[in-house]
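Take 4 as the starting number for the sequence shown in this note's numbering and just add one per residue. Backbone N, C-alpha and C define an ideal beta-carbon position, used for all residues, glycine too.
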Amino acid sequence: MPNLKVKLGRLELQNPVMPASGTFGYGEEYASLIDLNKLGAIVTKGVSLAPQEGNPPPRIRETRGGMLNSIGLQNVGLEAFAQQKLPFLHRFKVPIIVNFFGFTIDEYAEVAMRLSALEGVAALEANLSCPNIKAGGIYFGVGSRSVAQITKKLVKSTNLAIIIKLSSQVSNIKEICLAAEGEGAEAVTLINSIPAMAIDLDRKRPVLGGVTGGLSGPAIKPIALKAVWEAASAVKIPIVGVGGIMDYRDALEFLVAGAMAVQVGTANFINPTTMVEIIDGIDAFLTQRGIENIREIIGSLKL
Ligand SMILES: Cc1cc2nc3c(=O)[nH]c(=O)nc-3n(C[C@H](O)[C@H](O)[C@H](O)COP(=O)(O)O)c2cc1C
């Protein structure tokens with residue numbers, strides 16, 4: 004049996020496969036479909052201070068090679084998460100990573116602080132693809148200065164490991180990852196869905212109620228792979244690769260590019276057992292090649 008264990012900062016995972024935030028709810032819907040204890044970790048839907056209603060419908064549209072969503076960060080809010088959602092997750096032995104966001108830096112810090120006080124939260128993943136209200140709605144994750152500022156504040160607000168989740172839509176991904184690393188992030192997650200839209204030609208209207216949305220699925224895999232590879236050449240902290248992973252071979256490509264772990268998003272909607280199949284597939288791939296430790300694969304890209 005090959006050793007599939009990996010570390011994300013101080014977090015130890017039994018294998019590198021976990022759901023991508025927002026595609027797995029708070030785990031309840033999947034618990035009857037797969038054994039959640041087989042996963043490397045569970046990652047929740049993004050949590051904010053106050054509940055969010057999200058965008059008007061339609062909120063999902065299939066595209067060629069992917070999917071568009073304009074969920075609009077809908078979530079139950081921190082209080083309901085703590086009381087109604089988190090207790091369910093306590094019955095599983097895998098680490099719980101809570102994805103979260105805010106509309107100001109202070110709000111991010113407050114959510115981080117309050118989440119750290121909850122029992123059974125292993126790490127926090129800050130989604131920086133959220134509009135900064137004080138800076139005219141520019142995403143927090145687009146500049147290295149704002150990423151440094153927010154990471155610094157988050158690290159001070161919590162004792163838990165901070166994972167910074169970023170978009171690929173930036174001018175210099177290496178600089179931004181270095182900024183997160185420099186201020187104490189224990190890992191970075193790359194990438195979020197990519198801003199995109201769809202048009203209904205007959206009605207001459209946007210298909211999505213939110214007008215624009217995020218593109219995910221196989222269409223974005225090459226973009227995500229490049230982001231992971233570039234980031235891996237710049238930082239020492241572990242990278243969590245995400246974007247268009249549909250099977251174990253996709254997942255292994257991310258590990259070869261330098262990711263320590265992977266997240267699976269859109270694929271869960273097509274086949275809820277994808278993550279378990281990916282874990283088994285990685286295991287079989289390593290066994291067939293006589294590779295004893297998954298760490299031998301990570302960052303093994305030859306140029
Ligand atoms: C319906 C939906 C909801 C999402 N919600 C969140 C979220 O709350 N927080 C976050 O950081 N990313 C969110 N994402 C982005 C995913 O976590 C992931 O980064 C992206 O979908 C790319 O991975 P994939 O191609 O495997 O889906 C969401 C994606 C989808 C499709």
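Open item on the list: Taking its Cβ as the centre, do 16 or more other Cβ atoms sit within 10 Å of PHE103, making it buried, or is it exposed?
Closed with: Counting from one through the sequence shown, the residue named residue 103 turns up at place 100. It is buried - the Cβ of PHE103 has at least 16 other Cβ atoms within 10 Å.
- [ ] Measure the CB-CB distance between LYS88 and VAL97 and report whether it falls below 8 Å.
- [x] Numbered from 1 along the sequence shown, position 85 holds the residue referred to as residue 88. Numbered from 1 along the sequence shown, position 94 holds the residue referred to as residue 97. Cβ distance not < 8 Å, so LYS88 and VAL97 don't count as in contact.
Open item on the list: Tell me whether ILE248, by its Cβ, gets closer than 7 Å to a heavy atom of ligand 1.
Closed with: What you label residue 248 is simply residue 245 of the sequence shown in a count that begins at 1. Result yes, Cβ under 7 Å from ligand 1.
Open item on the list: Between ILE242 and ligand 1, is there a pair consisting of the residue's CB and a ligand heavy atom that are separated by less than 7 Å?
Closed with: Residue 242 sits at position 239 when you count from the first residue of the sequence shown. No - ligand 1 has no heavy atom lying nearer than 7 Å to the Cβ of ILE242.
Task: Spatial neighbours of GLU186 in its chain, beta-carbon cut-off 7 Å, leaving aside the 5 residues before and after - done: Residue numbering aside, residue 186 sits at position 183 when the sequence shown is read from its first letter. Contacts found: ALA151, THR154, LYS155, VAL158.
- [ ] Can you check the stretch 124-165 for any beta strand (DSSP E) of at least 3 residues that lies completely inside it and give the ranges in chain order?
- [x] 126-130
- [ ] Enumerate in chain order the residues of its own chain whose CB-to-CB distance from PHE137 is below 7 Å, with the five nearest sequence positions on each side excluded.
- [x] Numbered from its first residue, the sequence shown carries residue 137 at position 134. Going by the sequence as given, residue 137 is Lys instead of Phe. Excluding residues within five positions, the ones whose Cβ falls inside 7 Å are THR107.
TODO: List the DSSP bridge partners of GLN266.
DONE: Along the sequence shown, one-based indexing puts residue 266 at 263. The partner list for GLN266 (beta bridge, DSSP) reads MET21, VAL245.
Open item on the list: ligand 1 and ALA190: does the residue's C-beta get closer than 7 Å to at least one heavy atom of that ligand?
Closed with: Position 187 of the sequence shown, counted from the first residue, corresponds to residue 190. ALA190: no, Cβ never under 7 Å from ligand 1.
Task: Check: VAL267 C-beta below 7 Å from any heavy atom of ligand 1 - done: Against the sequence shown, residue 267 aligns to sequence position 264. Under cutoff, so the answer is yes.
Open item on the list: Classify SER236: buried if its beta carbon has 16 or more other beta carbons within 10 angstroms, exposed otherwise.
Closed with: What you label residue 236 is simply residue 233 of the sequence shown in a count that begins at 1. Label assigned to SER236: exposed.
- [ ] Please confirm whether LEU52 and VAL124 have their CB atoms less than 8 Å apart.
- [x] What you label residue 52 is simply residue 49 of the sequence shown in a count that begins at 1. What you label residue 124 is simply residue 121 of the sequence shown in a count that begins at 1. Not in contact: LEU52 and VAL124 (Cβ atoms no closer than 8 Å).
Open item on the list: Distance check for GLY217 and LEU31, CA to CA, integer angstroms please.
Closed with: Along the sequence shown, read from residue 1 onward, the residue named residue 31 stands at position 28. Along the sequence shown, read from residue 1 onward, the residue named residue 217 stands at position 214. Rather than Leu, the amino acid found at residue 31 in this sequence is Glu. Cα to Cα, GLU31 sits roughly 24 Å from GLY217.
- [ ] Write down every uninterrupted run of the alpha helix (DSSP H) in the stretch 163-235 whose length is 4 residues or greater and which is fully enclosed by it, in chain order.
- [x] The stretch 163-235 contains these whole alpha helix (DSSP H) runs: 176-185, 224-235.
- [ ] Taking only the alpha-carbon atoms, compute the straight-line gap between VAL245 and PRO19 and give it to the nearest angstrom.
- [x] Mapped onto the sequence shown, residue 245 falls at position 242. Mapped onto the sequence shown, residue 19 falls at position 16. In a straight line, the C-alpha of VAL245 is about 12 Å away from that of PRO19.
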